[in-house]
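One structure is given below, encoded as structure tokens.
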């Protein structure tokens, strides 16, 4: 049984309890549950979706074996509702709850990538990224209506991307051990080796390196957008392609195809 989702939620709880000033109690209850402590922050996981850019990856070699492949992990995006609770003050109303929410939002803003010290065992630094969602009043009201509870001031956060390890395996196809060829002319197919940088804003030029590239045509896709199409290469060892300007922040798969002879896959994170 995978415990990844629970570990991510516990990591968020540890981060808030460790960084909020003054210290605050954090619960993981339904936001409609008012049985917890009077003054607290509540985190509620209300939605889970597959990451649209990372769930078409190839099978991977199983660590410690020579002839087994494992399915790539299931990549998920998690959506949380964060709600403050505090007693109603006859003079200031819900000001204490508002201050509590603001402090929690500060912590998540300053720790958008959860530090290793707060991650549960099995999670790695850089894997869990927290982003504030621009939920409007109508979207928030629908959540509270679904819970059959009166509306409370809340904010939404997206956590991406979370990898749930897969257990499916299959044997590695046998390699060709003997080939009979009649080679009459030297032939060097294009080779793709690396891409940099791994992150940047939309419009960032991506640098690809390889060998025997000159003379071939290349097509580069970032997510579902085409960066370059059938571009003729004039250098043997490198070429560039821009990240499409219209991409919003997130993680995108980069697919490079050189004349259907060499394919290369990498991941690029678009940042604000």
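In our numbering, the protein residues as written are 45 to 316.
Backbone N, C-alpha and C define an ideal beta-carbon position, used for all residues, glycine too.
The model shown is predicted, which means the values in this text are computed figures rather than measured ones.
For residue 207 and residue 215, what's the separation of their Cα atoms in angstroms? About 23 Å.
Best match in 260, 116, 261, 285 for proximity to residue 271 [C-alpha to C-alpha]: Ranked by how close their Cα comes to the Cα of residue 271, the residues 260, 116, 261, 285 have 285 in first place.
CA-to-CA distance, residue 300 to residue 263, given in whole angstroms: The alpha-carbon separation between residue 263 and residue 300 amounts to approximately 6 Å.
Rounded straight-line distance, which links the Cα of residue 297 to that of residue 311: Spanning the two alpha carbons is a distance of roughly 5 Å.
Please name the residue or residues paired with residue 85 in a DSSP beta bridge. Answer by DSSP bridge pairing, in chain order: 70, 128.
Thinking C-beta only, is residue 176 closer than 9 Å to residue 152? The answer is yes: Cβ separation under 9 Å.
Environment of residue 181 [buried if 16+ CB atoms lie within 10 Å]: Label assigned to residue 181: exposed.
Helix, strand or coil for residue 51? Go by DSSP, reduced to three states. In this structure, residue 51 counts as helix in the three-state DSSP scheme.
From the DSSP output, which residues share a beta bridge with residue 306? In the DSSP assignment, residue 306 is bridged to 302.
Go to residue 189, then tell me how far its alpha helix (DSSP H) extends in each direction, as first and last residue. Here the alpha helix (DSSP H) through residue 189 covers 181-190.
Extent of the continuous alpha helix (DSSP H) run through residue 151: 139-154 is the span of the alpha helix (DSSP H), which, as asked, contains residue 151.
Proximity of residue 302 and residue 234 at Cβ, strictly below 9 Å: Yes, the pair counts as a contact, with Cβ atoms nearer than the cut-off.
Candidates 105, 259, 192: which alpha carbon is nearest residue 113's? It is 105.
For residue 174, which three-state DSSP category applies? Here DSSP, grouped into helix, strand and coil, assigns residue 174 to strand.
Kindly indicate the opening and closing residues of the beta strand (DSSP E) around residue 239. Start and end: 235-240.
Per DSSP, what kind of secondary structure is residue 193 in: helix, strand or coil? Residue state for residue 193 is assigned as coil, using DSSP reduced to three classes.
Beta-carbon gap between residue 70 and residue 91 smaller than 9 Å: No; because the gap between Cβ atoms is not below 9 Å, this pair is not in contact.
How about residue 97 and residue 287: are their beta carbons less than 9 Å apart? Cβ distance not < 9 Å, so residue 97 and residue 287 don't count as in contact.
Are the segment 122-134 and the segment 190-209 touching, with three or more C-beta to C-beta distances below 8 Å? The answer is yes - the segment 190-209 touches the segment 122-134, with three or more Cβ pairs under 8 Å.
Helix, strand or coil for residue 61? Go by DSSP, reduced to three states. Three-state DSSP puts residue 61 in a helix.
Bounding residues of the beta strand (DSSP E) (the contiguous stretch that carries residue 286): That run of the beta strand (DSSP E) goes 282-286.
What are the partner residues of residue 119, as DSSP defines its beta bridges? As DSSP reads the structure, residue 119 sits in a beta bridge with 207.
Whole-angstrom distance between residue 87 and residue 54, CA atom to CA atom: Straight-line spacing of the CA atoms in residue 54 and residue 87 works out to 10 Å.
Return the first residue and the last residue of the beta strand (DSSP E) that residue 249 is part of. Start and end: 249-255.
Just mark residue 68 as buried or exposed, buried being the case when its beta carbon has 16 or more other beta carbons within 10 Å. Residue 68 comes out buried.
Taking the alpha carbon of residue 165 as the point to measure from, which residue in 244, 266, 49 has its own alpha carbon closest? Nearest of 244, 266, 49 to residue 165, Cα basis: 49.
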